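**Q** Take the sequence shown: its letter number 158 is residue 146 in my numbering, and every next letter is one higher.
Following this message is one structure expressed as structure tokens.
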Amino acid sequence: MRILHTSDWHLGKSLEGVSRLDEQELFLKDFKKIVEKYNIDMVIISGDIYDSGNPPARAERMFYRIIKDISDNGKRIILIISGNHDSPNRLVAASPIAKEHGIVMVDLPKTVVKKGQYGDAFINDSGEGYIEIELRGEKAVIIVLPYPSEKRLNEVLSYDLNEEAKRRSYSDRVGEIFEKLSLKYRDDTINIAVSHIFICGSDSSDSERPIELGGSLAVDVDKLPKRAQYIALGHLHKPQKVRGTSLNAYYSGSPLQYSKSEINYAKCCYVLDIKAGQDPRIESIMFHNYKPIEIWKCNGIDDAIKKCEENREKNSWVYLEIRTDSFISQEDIKTMRNLKKDILEIKPIILGEEEIIESENIKDKSMEQLFESFYKFQRGVEPEEEVKKLFLEICHGEGEEKDET
Ligand SMILES: [Mn+2]
């Protein structure tokens, strides 16, 4: 079976208040071509289809059109789970008409997908958190765990919600679900897991929003289902193989750069050829960057105006950082905006204040020094000893666990 794994489309997402729907539309056009070119049997979308629970109508139309198109009248299976940004009920509201197209949508961890025919495929068996699907003679058992918030998680574990169970960590509870569901895996089936969770030690970016700081909604890597041949994750926007495990656990990342923290790496999806009992062959397919986000560091206002003029034809989103010793006049701002469209922000960096964010200085400083200057920069006061100690403890703890594979 050939499977394509993607996630975090965030249809309807804007950047500094500016819509990205045009780029998203271009992406979907190309996405359809990729699905067709690679002759995909099953497309997995691991959550965050939309950016909000109440997406714009155009985003919904785009979503319905693409899944209908790529399903190719039910020849392909499309498996979708909800992420933390989706409204689960709303995401799957069209399920009754999606079924005959081979589209399977799972809203909540406790949802039981109906058995029966989905396009050319059949769901032969299903229960809370898993489905067994058959397409053209091949069978796959898939663990499906849509974004498990605390509340949704406990709904699944309702069978033993005693005090002790409640005290167990989020990670342990997710691990318990995976372990229980793994019993459905068989030697004669393709065994996969799909979820929208944060795995400890993975690389996050600025556009994921409530990344659970402090780790309360983070899952330890050793809690992933060990018998899964591939684990299709969503949540993080940088494509990456999960570290610290030999399992094929991947975040496909978002298809577009959704923040300026994402400009240094390319976006992709994963295509895998997978058979029962064998290690899958995994390939990353790169996406086009339709409108790059750029940060222009300019030396003075004249330099900034010159850059705007030189790049006036370029199709990009721009953050302007201007080193200056005076303020920037409304007139200069107007000149820049007239020359280069899609300037998202014009930020004056008053000389003398920028030191700590200059990257060349970062390498020479210890973590403690960096934390002190960052704290001072943000709060205006030195951090207390206790805060500093706690921060360094966390840093060191993380460092030891990192295992680059
Ligand atoms: Mn996301």
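All C-beta atoms, glycine included, are put in the ideal place defined by N, C-alpha and C.
Only a predicted model underlies this, so the values are computations on that prediction, with no experimental measurement involved.
Can you name, in chain order, every residue of its own chain whose Cβ lies under 7 Å from the Cβ of residue 76, other than the five neighbours on each side?
**A** Hits under 7 Å: 70, 95, 96 and 134.
**Q** Taking buried to mean at least 16 other C-beta atoms within 10 Å of its own C-beta, is residue 274 buried or exposed?
**A** It counts as exposed.
**Q** Just jot down, in chain order, the residues whose CB lies closer than 5 Å to any heavy atom of ligand 1.
**A** Going by the Cβ distance cut-off, the answer is -4 and 36.
**Q** Candidates 314, 207 and 306: which alpha carbon is nearest residue 251's?
**A** If we check each option's Cα against that of residue 251, 306 comes out closest.
**Q** Report the rounded CA-to-CA distance for residue 323 versus residue 243, giving the unit in angstroms.
**A** The alpha-carbon atoms of residue 323 and residue 243 are separated by roughly 33 Å.
**Q** Roughly how many whole angstroms lie between the Cα atoms of residue 256 and residue 68?
**A** Using only the alpha carbons, I get a separation of about 18 Å.
**Q** Pairs of beta-carbons, one from the region 281 to 299 and one from the region 309 to 316, closer than 8 Å: are there three or more?
**A** Contact between the region 281 to 299 and the region 309 to 316 is present, because at least three Cβ pairs lie under 8 Å.
**Q** Would DSSP call residue 402 helix, strand or coil?
**A** Because the chain is modelled from -11 through 393, residue 402 falls outside the range shown and cannot be assessed.
**Q** Which value, in whole angstroms, describes the spacing of the CA atoms of residue 276 and residue 108?
**A** Near 31 Å, if we compare the C-alpha coordinates of residue 108 and residue 276.
**Q** Counting only runs of 4+ residues fully inside the region 183 to 243, write out the alpha helix (DSSP H) ranges in chain order.
**A** None, since the region 183 to 243 contains no complete alpha helix (DSSP H) of that length.
**Q** Quick one: Cα of residue 140 to Cα of residue 98, how far?
**A** One C-alpha to the other measures close to 8 Å.
**Q** Less than 8 Å between the CB atoms is what I'm expecting for residue 394 and residue 35, so what's the real figure, rounded?
**A** Because the chain is modelled from -11 through 393, residue 394 falls outside the range shown and cannot be assessed.
**Q** Could you check which residue in 285, 376 and 46 has the C-alpha nearest to that of residue 337?
**A** Among 285, 376 and 46, the Cα nearest to that of residue 337 belongs to 285.
**Q** Can you tell me whether residue 301 is buried or exposed? The criterion is at least 16 other CB atoms within 10 Å of its CB, across all chains shown.
**A** With fewer than 16 Cβ atoms within 10 Å of its Cβ, residue 301 is classed as exposed.
**Q** Looking at residue -9: is its Cβ nearer than 7 Å to the Cβ of residue 358?
**A** Result no, Cβ atoms of residue -9 and residue 358 do not sit closer than 7 Å.
**Q** Measure the C-alpha to C-alpha separation of residue 15 and residue 54 and round it to an integer number of angstroms.
**A** Distance between the alpha carbons of residue 15 and residue 54 is about 11 Å.
**Q** For residue 113, which residues of its own chain have a beta-carbon under 6 Å away from its beta-carbon, when the five flanking residues on both sides are left out?
**A** Cβ neighbours of residue 113 beyond the five flanking positions: 120.
**Q** Go ahead and pull the three-state DSSP assignment for residue 361.
**A** Residue state, collapsed to three classes: helix.
**Q** In the DSSP assignment, find the beta strand (DSSP E) that holds residue 369 and state where it starts and stops.
**A** Where residue 369 is concerned, there is no enclosing beta strand (DSSP E), given that its DSSP letter is neither H nor E.
**Q** Return the CA-CA distance between residue 81 and residue 136, expressed in angstroms with no decimal places.
**A** Between residue 81 and residue 136, the C-alpha separation is close to 19 Å.
**Q** Near residue 170, what residues of its chain come up, given a Cβ to Cβ distance below 6 Å and the 5 sequence neighbours on each side ignored?
**A** The residues are 213 and 215.
**Q** Please return the same chain residues whose Cβ sits closer than 7 Å to the Cβ of residue 2, not counting the five positions on each side in sequence.
**A** Around residue 2: 8.
**Q** Is the CB-CB distance between residue 262 and residue 237 below 7 Å?
**A** No.
**Q** I'd like the list of long-range same chain contacts for residue 396, defined as Cβ closer than 7 Å, with 5 residues on each side in sequence excluded.
**A** Outside the displayed span of the chain (-11 to 393) sits residue 396, for which this structure offers no information.
**Q** Applying the 10 Å Cβ sphere with the 16-neighbour rule, what's the burial state of residue 202?
**A** Per-residue confidence for residue 202 stands at a pLDDT of 47, beneath the threshold of 50, marking its modelled position as unreliable; the derived number appears in the next sentence. Exposed, since its Cβ has fewer than 16 Cβ neighbours within 10 Å.
**Q** Here's the rule: buried if 16 or more other CB atoms are within 10 angstroms of the residue's CB, otherwise exposed. What is residue 93?
**A** By the neighbour-count rule (16 or more Cβ atoms within 10 Å), residue 93 is buried.
**Q** For the alpha helix (DSSP H) containing residue 301, list its first residue and its last residue.
**A** No alpha helix (DSSP H) contains residue 301, which DSSP labels as neither H nor E.
**Q** Express the C-alpha separation of residue 375 and residue 267 in angstroms, rounding to a whole number.
**A** Looking at the two C-alpha atoms, the distance is approximately 46 Å.
**Q** Over what stretch of residues does the alpha helix (DSSP H) that includes residue 163 continue unbroken?
**A** Residue 163 -> alpha helix (DSSP H) spans 158 to 170.
**Q** Using alpha carbons as the reference points, say which of 192, 162, 217 and 165 lies closest to residue 400.
**A** What is shown of the chain runs -11 to 393, which leaves residue 400 out entirely.
**Q** Starting from residue 76, trace the alpha helix (DSSP H) in both directions and tell me its first and last residue.
**A** First-last of the alpha helix (DSSP H) with residue 76: 76 to 79.
**Q** Once the 5 residues before and after residue 187 are set aside, which same chain residues still bring their CB inside 6 Å of it?
**A** Excluding residues within five positions, the ones whose Cβ falls inside 6 Å are 207, 209 and 230.
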